[in-house]
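Protein chains in written order, with our numbering: chain Z, 1 to 199; chain P, 1001 to 1199; chain E, 2001 to 2199; chain B, 3001 to 3199.
C-beta atoms are modelled at their ideal positions from N, C-alpha and C, and glycine is treated no differently.
Keep in mind the model is a prediction, meaning the values are calculated, not measured.
Below: the structure, in structure tokens.
Protein chains: 4
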Amino acid sequence: MGEMDWRNFEQDSLPPLLRCAVKTFVAHGYHGTSTRTLARAAGLSLPGLYYHFASKHAIIVAIMDLAMDDLWRRSLAAHAEAGDDVVLQLGLHIQCLALFHAHRRELAFLASTELRSLEPEAQARSIAARDRQEYLLIDILRLGATRGAFDVADASQLARALITMCTGISQWFSTAGPLSPGSIANDYVRYAQRLVGLV
Amino acid sequence: MGEMDWRNFEQDSLPPLLRCAVKTFVAHGYHGTSTRTLARAAGLSLPGLYYHFASKHAIIVAIMDLAMDDLWRRSLAAHAEAGDDVVLQLGLHIQCLALFHAHRRELAFLASTELRSLEPEAQARSIAARDRQEYLLIDILRLGATRGAFDVADASQLARALITMCTGISQWFSTAGPLSPGSIANDYVRYAQRLVGLV
Amino acid sequence: MGEMDWRNFEQDSLPPLLRCAVKTFVAHGYHGTSTRTLARAAGLSLPGLYYHFASKHAIIVAIMDLAMDDLWRRSLAAHAEAGDDVVLQLGLHIQCLALFHAHRRELAFLASTELRSLEPEAQARSIAARDRQEYLLIDILRLGATRGAFDVADASQLARALITMCTGISQWFSTAGPLSPGSIANDYVRYAQRLVGLV
Amino acid sequence: MGEMDWRNFEQDSLPPLLRCAVKTFVAHGYHGTSTRTLARAAGLSLPGLYYHFASKHAIIVAIMDLAMDDLWRRSLAAHAEAGDDVVLQLGLHIQCLALFHAHRRELAFLASTELRSLEPEAQARSIAARDRQEYLLIDILRLGATRGAFDVADASQLARALITMCTGISQWFSTAGPLSPGSIANDYVRYAQRLVGLV
DNA sequence: TATGAATGAGCGTTCATTCAT
DNA sequence: TATGAATGAACGCTCATTCAT
Chain Z
1 MGEMDWRNFE QDSLPPLLRC AVKTFVAHGY HGTSTRTLAR AAGLSLPGLY
51 YHFASKHAII VAIMDLAMDD LWRRSLAAHA EAGDDVVLQL GLHIQCLALF
101 HAHRRELAFL ASTELRSLEP EAQARSIAAR DRQEYLLIDI LRLGATRGAF
151 DVADASQLAR ALITMCTGIS QWFSTAGPLS PGSIANDYVR YAQRLVGLV
Chain P
1001 MGEMDWRNFE QDSLPPLLRC AVKTFVAHGY HGTSTRTLAR AAGLSLPGLY
1051 YHFASKHAII VAIMDLAMDD LWRRSLAAHA EAGDDVVLQL GLHIQCLALF
1101 HAHRRELAFL ASTELRSLEP EAQARSIAAR DRQEYLLIDI LRLGATRGAF
1151 DVADASQLAR ALITMCTGIS QWFSTAGPLS PGSIANDYVR YAQRLVGLV
Chain E
2001 MGEMDWRNFE QDSLPPLLRC AVKTFVAHGY HGTSTRTLAR AAGLSLPGLY
2051 YHFASKHAII VAIMDLAMDD LWRRSLAAHA EAGDDVVLQL GLHIQCLALF
2101 HAHRRELAFL ASTELRSLEP EAQARSIAAR DRQEYLLIDI LRLGATRGAF
2151 DVADASQLAR ALITMCTGIS QWFSTAGPLS PGSIANDYVR YAQRLVGLV
Chain B
3001 MGEMDWRNFE QDSLPPLLRC AVKTFVAHGY HGTSTRTLAR AAGLSLPGLY
3051 YHFASKHAII VAIMDLAMDD LWRRSLAAHA EAGDDVVLQL GLHIQCLALF
3101 HAHRRELAFL ASTELRSLEP EAQARSIAAR DRQEYLLIDI LRLGATRGAF
3151 DVADASQLAR ALITMCTGIS QWFSTAGPLS PGSIANDYVR YAQRLVGLV
């Protein structure tokens, strides 16, 4: 895990059934998608779907878990690469968030959108994962403030602003558009640096 | 309209049925909410609901239209108050967005969340309203850049970042929390100023 | 309740929907009957069925409760009529059981057949009602033995034999057959008297 | 066949798959048991089940046929042992029925419970077997009445009472209880003798 | 023999909506 | 205005069964 290439999004690790489900859930939402629609999208019969997953809910849970886990592992790898330099920590963290939301647009969109559709246990797990992500950024902001590198009054408020900003990418990014994930990530890193008073 | 007090959120103009509907849609989503649930939440019988609205869809449409219209009128009023000062234009615009997303938390949340649940015609209308909002901010950013007041490379990208940042408020703001809408708005104005290179 | 006419089976107190359900459940069993079949038998659409009952299970529960309650109230009335004469107590009790299983053939059949199809709570209630019935007879047998009127070694074993004997009526009785409920009941009373050593 | 030891229930002739099926059918009924449940109970995969039996229905049919055949052969052997003594004929017949319903509790329970779950052809066969059993007892009762040994008015009614009485054993008998099959059978023989006016 | 993977049909239930009153 | 009663269509899911391997 330590040697993970967190900037590499070439192979999509999702099994094909889940990839179809992601597309369909993004288009119509969890409650707006029927199991028949999911099955058709995956080229399966309805019972075929249930052979692979115990329930509709199990499908969205698998998606959420994979999404949160993927982002978390990339974030840790980025953090490790940054070493002790807090400015670099912030830069790589935002770069990681932005790349993830651009490259894994649909997955990231679901992860932030369908939290409320989960049943209690899975919801608690996903919320914990989301909070874990948030605290990673808050810690960076606080460290930078402590060291005098950042001008940050309320770290948790700013963290939320930064995170929603990046989340937004998954709402409008299109591979057909003029911007590449890399250039977007660079821009967002600069945004973040301005927000903490650098630059 | 020109003399509207865009900072005043005292009276909630929503009729009680719609207010109940907003709460329920926020909790479970449009497709996750049944008409029975809506009727029960509003203290009505099912046919009673249909006396007031032609369909479930008509309810979410009314909500979306009211939300977009309220924000739009406040935005115009803020813009008028700012006059020709582009820094003030940006400040009041962001203040207006932030106040709206804090004071009209649930309404704003629905407006950004349930776009995909609308039928084509209503969806087109809401998307147009969303874009209109976005262009208002883009124009401000471009004007500031033209005048040399702002350091903005890609105005539309930054506008989206600013807007999603503010949208985020509606996801985590709570009246029970330590922050008032006013102080949040002030903070977000400062964020915006930093993002355009002021401060 | 004390003045109930326990020999009178003229009016069937079941609402029409339940009467249809009884017939269908008798023919195919609870698990062998679909809600669509029930609805069709009752001349309703499927949601129409669910307007009156919360679930398929609620229907069988209503039937079981009505059956057990009806038999119990008749049994108490018969017991009251018998006064302190233990021979009469036995006679009227068996007469009551036999009349019930002949006149309420299908209802009685379900009550003894579908116990295992009930969910735990309802099952416990029905089992308690069945046991209550059984203990009423056991007490009569024990009283008769104590007073030297009956020659009974194992009262609870004999009670079960008597009860299953009567239960059997609901399996073969037909109003088209040559025997009337009244004559059957008389015969079964004589069976019971022989079994306790009278006659 | 004539030298069969009809009192011996030591070895259960059922193949293991059928024995598991009997247990499951008794617990949940034929329609309440899925083929998946059957396969799991037998430690087989679903296609493994279908290797041994052509269908779910074929399983219950095999069970019913074995049950009816076993009881029939024992009844004939008991009858042969009794010779021409009609009192002994009745005694051994009832002993045979009681022993069977206690020793083959579950099998006997299914035979009387799941008749309605069979498809027409198999159902007709099982009903014929049941009637054949019944006529054997009716004939004994009539013979006893003709010879003046029994005081029986309606032989077929009494036969049904006796048979359901014995059938009841399979509903409440437990090997963990205080009574042995043998003592139960003795008691039921005495019941029968009383019912025909002996003793 | 044995099983992973699949399916058409049907399950119990709920959906948004309507209508007679 | 208001509602008890109803419905066609669809929901999530499971049924008994099959087939390629």
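Check                                                                                                                       : Outcome
Ordered list of alpha helix (DSSP H) runs contained in the segment 2027-2104 of chain E, each at least 4 residues           : 2035-2042, 2046-2052, 2056-2082 and 2086-2103
8 angstroms contact criterion, which B/A3067 and B/A3111 should meet: CB distance rounded                                   : 4 angstroms
As assigned by DSSP and simplified to three states, the class of B/S3117                                                    : helix
With 16 other Cβ atoms within 10 Å as the buried cut-off, status of P/L1107                                                 : buried
Z/Q11, buried or exposed, once every other Cβ within 10 Å from all chains shown has been counted against 16                 : exposed
For B/S3180, the nearest candidate out of B/F3100, B/L3137, B/A3124 and B/I3063 (CA to CA)                                  : B/F3100
B/M3001 classed as buried or exposed, judged by whether at least 16 other C-beta atoms fall within 10 angstroms             : Caution applies to B/M3001, whose pLDDT of 44 falls short of 50 and renders its modelled position unreliable; the value that the coordinates give is listed next. Answer is exposed; the Cβ neighbour count stays below 16.
Enclosing alpha helix (DSSP H) for B/V3189 [first to last residue]                                                          : P3181 to L3195
Distance between Z/L17 and B/F3009 (C-alpha atoms, nearest Å)                                                               : 55 angstroms
Close-in-space but distant-in-sequence residues of the same chain around B/S3075 (CB under 7 angstroms, 5 per side omitted) : H3093, C3096, Q3133 and L3136
Cβ-heavy atom distance, P/Q1089 to the ligand NAP, below 6 angstroms                                                        : In terms of ligand content, the structure shown is empty, and the ligand NAP therefore cannot be addressed.
7 angstroms Cβ cutoff, Z/A161 in contact with chain P                                                                       : yes
Residue range of the alpha helix (DSSP H) that includes B/Q3171                                                             : A3155 to W3172
Assigned secondary structure, P/L1017 (DSSP; H/G/I helix, E/B strand, else coil)                                            : helix
Pair within 7 angstroms by beta-carbon distance, Z/A155 and Z/R142                                                          : yes
Within-7 angstroms CB hit, P/G1177 to chain Z                                                                               : no
B/Q3089 beta carbon less than 7 angstroms from that of B/I3169                                                              : no
Where B/A3145 falls: helix, strand or coil (DSSP)                                                                           : helix
C-beta neighbour in chain P for Z/C96, strict 7 angstroms                                                                   : no
Coil, strand or helix - E/F2025 by DSSP                                                                                     : helix
Same chain, Cβ closer than 7 angstroms to E/L2024, neighbours up to 5 away in sequence not counted                          : This sequence places Thr at residue 2024 of chain E; Leu is not what is there. Contacts found: T2033, T2037, L2038 and A2041.
Chain Z within 7 angstroms of P/R1007, Cβ atoms only                                                                        : no
Closer than 7 angstroms at the beta carbon, the chain E residues around B/M3165                                             : A2161, T2164 and M2165
Test: P/W1172 CB closer than 7 angstroms to a CB of chain Z                                                                 : yes
Residues near B/H3103 by beta carbon distance below 6 angstroms, same chain, minus five either side                         : F3009 and P3181
Proximity of Z/A98 and Z/Y191 at Cβ, strictly below 7 angstroms                                                             : no
Residue environment, Z/E114, which counts as buried when at least 16 other CB atoms sit within 10 Å                         : buried
Same chain only: Cβ atoms within 7 angstroms of E/L2071, ignoring 5 sequence neighbours per side                            : F2100 and Q2133
Whole-number beta carbon distance between E/G2029 and B/H3031, since they are thought to touch under 8 angstroms            : 6 angstroms
Z/D151 versus P/Q1193 - alpha carbon distance                                                                               : 14 angstroms
Chain-ordered neighbours of P/H1031 on chain Z, where CB pairs are closer than 7 angstroms                                  : G29, H31 and G32
Burial state of P/G1091, where buried means 16 or more other Cβ atoms lie within 10 Å                                       : buried
Within chain E, the residues that B/L3195 reaches when beta carbons sit closer than 7 angstroms                             : Y2191, R2194 and L2195
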